[in-house]
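Peer 1: Sending over a structure as structure tokens; questions will come in a sec.
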Amino acid sequence: MAHEMTKKQAVVRMIGFGAASAAVFGGIFLFANPLTEIFSRGGMYAALPIATVFLVSYVHGGFASNLWTALGITAKQPAKTLRPTATKRPEVRATLNA
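When you line the sequence shown up against this note's numbering, it's residues 71 to 168, in that order.
Below, the structure written as structure tokens:
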């Protein structure tokens with residue numbers, strides 16, 4: 071984890087992502103018919119629904135992540151166990167006694 075976020079920062083980012091999420095969902099539902107016409111043109115326009123899904127996923131994921139951080143719910147950190155270091159054995163060499 072590169073940067074620990076404070077609860078205040080998480081709340082501010084949550085509000086921003088929440089507003090963006092509401093705007094994206096509202097825009098999709100408000101302009102459903104024009105978007106359907108554009109998405110169904112074929113060709114390169116077929117990539118637009120996929121790009122829209124990535125946009126919705128990013129914005130909603132940012133909102134949800136910051137919501138959990140603002141509520142203080144975090145993932146459990148794995149326990150650090152110290153493993154004993156192995157002792158290096160002397161290297162055995164085959165010898166010929168003639």
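Each residue gets a CB set at the ideal place from its N, CA and C atoms; glycine is no exception.
Runs of 4 residues minimum, wholly inside the stretch 96-161: which ones carry the alpha helix (DSSP H) assignment?
Peer 2: The qualifying runs are 102-109 and 118-141.
Peer 1: Return the CA-CA distance between V158 and L118, expressed in angstroms with no decimal places.
Peer 2: Sequence check: residue 158 is Lys here, not Val. Their backbone Cα atoms lie some 59 Å apart in a straight line.
Peer 1: Measure how close the beta-carbons of F99 and N136 come, nearest whole angstrom, since I'm counting them as under 8 Å.
Peer 2: The Cβ separation is near 23 Å, so there is no contact.
Peer 1: Would you say the stretch 91-111 touches the stretch 120-138, given that touching needs at least three Cβ pairs under 8 Å?
Peer 2: Result yes; three or more Cβ-Cβ pairs closer than 8 Å.
Peer 1: Could you tell me the distance, in whole angstroms, from the CA atom of T76 to the CA atom of T151?
Peer 2: Looking at the two C-alpha atoms, the distance is approximately 28 Å.
Peer 1: In this structure, does DSSP put A90 in helix, strand or coil?
Peer 2: Three-state result, A90: helix.
Peer 1: For M114, does the count of other Cβ atoms within 10 angstroms reach 16, so buried, or fall short, so exposed?
Peer 2: With fewer than 16 other Cβ atoms within 10 Å, it is exposed.
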